[in-house]
Amino acid sequence: MSPSYQDLLATAREVIPEVEPSEVAPRVEAGDGPLIIDVRETAEWDQGHLPGAVHIPRGFLESRVAGATSGTDQELLISCASGQRSLLAAKTLADMGYTNVTNLAGGFARWKQNNYPVEVPRILSPAQRSRYSRHVLIPEVGEEGQLKLLDSKALLIGAGGLGSPAAYYLAAAGVGTIGLVDDDEVDESNLQRQIIHTTERVGMNKGESAKEAIRALNPEVQVNVHPFRVNRDNVLDLLEEYDVVVDGADNFPTRYLLADASLMTRTPLVHASILRFEGHASVFNPYDGPCYRCLFPEPPPPDLAPSCGEAGVLGVLCGVMGNVQATEAIKVLLGIGDTLSGRLLIYDALGMTFTELKVRRDPDCPSCGPNADLQLRDYEAWCAGVGSHDHVGATA
Amino acid sequence: MSTVKIPPVLRQAVGGERTVEVTGETVGEVLTNLCDQHPAVGSQILTPDGELHKYVNVYVNDEDARLLQWTDTPVGEGDTLMILPAMAGGER
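Order-wise, the sequence lines are chains A and B.
Going by the working numbering, the first sequence opens with residue 448, and the numbers climb by one from there.
Going by the working numbering, the second sequence opens with residue 496, and the numbers climb by one from there.
Have a look at this one:
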């Protein structure tokens with residue numbers, strides 16, 4: 448005869464130990480409890496759960512458990528509403544090879560009756576849950592990560608070649624506030640690569656044009672248009688407002704200004720630069736890894752550093768590098784993965800190669816070194832003046 | 496013989512090539528030989544005194560040559576040198 452529901456519970460009880468809330472609550476409070484997996488449905492989870500629990504609805508348990516656990520020997524406590532669904536879930540995990548699985552006796556209901564602490568999650572609205580469902584499905588992002596993105600603020604220097612794809616994807620990703628600094632207007636010659644703008648919007652401020660595109664894509668995103676050039680009078684106030692700055696500037700004075708200001712305001716800087724078929728990208732975390740000046744202490748003279756306007760750039764290169772920046776910005780905001788901090792990524796579109804160089808913190812760095820006298824300077828004059836005379840004491 | 500990767504801004508100076516094979520036992524020798532073969536490169540990356548400008552980074556494989564033995568860093572078959580000036584763009 449096929450086993451009944453009661454039979455299945457009885458079989459599970461034989462192999463899965465049950466733990467009373469009173470046994471585990473002190474450990475949960477002390478932060479050294481088992482990993483708690485709550486297998487209830489989303490609507491139940493949203494009403495509250497054990498502190499620190501992770502949510503895997505019963506139907507997804509087998510497919511998602513590996514992503515949530517560190518190994519089959521990790522101590523797991525499974526919980527549901529009353530302790531029955533979680534008992535069967537725990538039995539399934541035992542069948543999958545998990546060796547240290549227990550069941551919360553009486554489930555969340557008994558936990559709550561005993562007045563143990565409960566976390567009520569801040570949750571995505573049904574519309575948000577639908578829009579960002581592909582993010583929510585990723586264990587490293589999840590609902591919590593998506594909420595973090597919605598609370599985040601990213602500042603983009605330039606709404607041009609790099610800023611177009613970066614702003615577009617950051618907006619699509621639900622980064623809640625996007626600042627766009629650009630004093631320039633959309634020109635027909637921009638449209639070969641600056642995909643956030645349109646033929647219709649030629650002549651409009653680039654920040655305003657990008658704002659229209661973002662509103663059409665994701666009206667939930669707050670767009671702050673800053674229709675001016677970043678300079679040493681406004682840069683600190685600007686950066687203070689944001690969690691990350693994405694550098695898509697087209698000139699060295701602005702890049703060195705941002706590098707120093709990001710240190711002063713402790714704002715992570717996501718760097719990219721492009722020319723013809725080649726792109727560079729890195730991440731500079733203030734005082735936690737190298738800064739831009741550790742990598743490039745001084746700018747080259749103008750003939751060695753032509754702008755894209757002078758030397759040209761493959762339109763699609765902007766898409767690749769701008770999206771590397773968007774990717775890194777999202778990782779910085781979520782605190783996940785390994786960013787490009789300490790590495791310079793070089794993309795050669797002609798050879799279709801990605802090369803990585805190590806970037807180390809320079810102990811003598813004039814910006815982030817221990818003896819640095821960091822203050823904002825006249826970067827235009829400085830960039831025009833260096834390079835012509837400074838050199839290292841080595842002969843090539 | 497080492498492979499020297501030429502950045503976009505210097506490619507014209509080496510006849511449009513993206514990489515150049517250059518002889519030399521050390522970073523210094525390779526750069527000297529490169530500049531001898533392609534004087535236009537030398538005028539861009541060297542000072543009038545023949546020293547390397549500070550705005551030019553040189554990498555041996557993935558490591559900054561300055562953090563190795565700089566121009567004395569030994570190089571050989573299979574090593575890649577990359578000349579790396581900062582790039583400005585961006586494209587507002």
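Note that CB positions come from ideal geometry on N, CA and C, so glycine has one too.
- If you compare the alpha carbons of Leu704(A), Gln575(A), Pro700(A), Ser709(A) with that of Gly592(A), the shortest gap goes to Gln575(A).
- Taking the Cα positions, Pro543(B) is about 25 Å away from Tyr826(A).
- For Phe675(A), not one C-beta of chain B is nearer than 9 Å to its own C-beta.
- A Cβ-Cβ distance of about 13 Å is found for the pair Tyr734(A) and Ala706(A), leaving them out of contact under the 8 Å criterion.
- At least one beta carbon of chain A lies nearer than 9 Å to the beta carbon of His548(B).
- Among the residues of the region 734-750 of chain A, those with a Cβ less than 7 Å away from any Cβ of chain B are Phe743, Pro744, Glu745, Pro746, Pro747, in the order of the chain.
- For the 9 Å CB-CB criterion, Ser599(A) and Ala657(A) do not form a contact.
- Comparing alpha carbon positions, the residue from Val677(A), Tyr452(A), Arg723(A) closest to Gly756(A) is Arg723(A).
- The Cβ atoms of Ala663(A) and Gly626(A) do not sit closer than 9 Å to each other.
- If you look at Met496(B), you'll find it isn't in any beta strand (DSSP E); DSSP assigns it neither H nor E.
- In terms of beta-carbon proximity, Gly584(B) lines the interface with chain A, with at least one pair separated by less than 9 Å.
- About 49 Å separates the beta carbons of Ile721(A) and Leu540(A), which is beyond the 8 Å limit, so they are not a contact pair.
- Sequence-ordered contacts of the region 527-548 of chain B with chain A read Thr527, Cys530, Gln539, Ile540, Leu541, Thr542, Asp544, Gly545, Glu546, Leu547, His548 [C-beta pairs closer than 8 Å].
- Counted as a single uninterrupted DSSP element, the beta strand (DSSP E) harbouring Arg790(A) occupies residues 790-795.
- With contacts defined by Cβ atoms closer than 9 Å, Arg532(A) and Val486(A) form a contacting pair.
- Relative to Pro666(A), the option among Thr701(A), Ala619(A), Val633(A) whose CA is nearest is Ala619(A).
- In summary, Pro502(B) is buried, with 16 or more beta-carbon neighbours lying within 10 Å of its beta-carbon over all protein chains present.
- Chain B places a beta carbon closer than 9 Å to that of Lys805(A), counting this residue as a contact.
- Non-local C-beta neighbours of Ala613(A) in its own chain, meaning closer than 8 Å and more than five positions away in sequence, comprise Leu603, Val693, Gly695, Gly769, Asn770, Gln772, Ala773, Ala776, ordered along the chain.
- If you look at Val583(A), you'll find it in the alpha helix (DSSP H) that goes 580-583.
- Exclusion of the five residues before and after Ala515(A) leaves Leu482, Ile484, Val501, Ile503, Pro586 as the residues of its chain whose Cβ lies within less than 8 Å of its Cβ.
- Taking Ser451(A) as reference, the option from Ser517(A), Leu535(A), Arg474(A) with the minimal CA-CA separation is Leu535(A).
- In this structure Val466(A) does not touch Leu523(A) by the C-beta definition: roughly 11 Å separates them, more than the 8 Å allowed.
- Chain order gives the chain B residues near His727(A) as Met582, where near means a beta carbon separation below 7 Å.
- By the neighbour-count criterion, in which a residue is buried when 16 or more other Cβ atoms sit within 10 angstroms of its Cβ, Val565(A) is exposed.
- In the three-state reduction of the DSSP assignment, Ile642(A) falls in the coil class, being assigned neither a helical nor a strand state.
- Judged by beta-carbon spacing, Tyr550(B) lies within the 9 Å limit of Ala581(B), meaning their Cβ atoms are closer than that value.
- Going by DSSP, Lys538(A) is part of no beta strand (DSSP E) but of the alpha helix (DSSP H) stretching over 532-542.
- From the listed residues Val588(A), Val763(A), Asn561(A), the smallest Cα separation to Ala796(A) is found for Val763(A).
- Where Leu524(A) is concerned, there is no enclosing alpha helix (DSSP H), although the beta strand (DSSP E) around it starts and stops at 523-526.
- Note: Asp694(A) is bridge-paired with Ile604(A), His718(A) in the DSSP secondary-structure output.
- Judged by DSSP secondary structure, Lys778(A) falls outside any beta strand (DSSP E) and instead within the alpha helix (DSSP H) spanning 762-781.
- Under the Cβ distance rule, Leu505(B) counts among the residues neighbouring chain A, one pair being separated by less than 9 Å.
- If you keep only unbroken beta strand (DSSP E) runs of at least 3 residues inside the region 529-569 of chain B, you get 546-548, 551-555.
- DSSP places Asp684(A) within a helical segment (H, G or I) once states are collapsed to three.
- In this chain, the beta strand (DSSP E) harbouring Phe801(A) covers 800-805.
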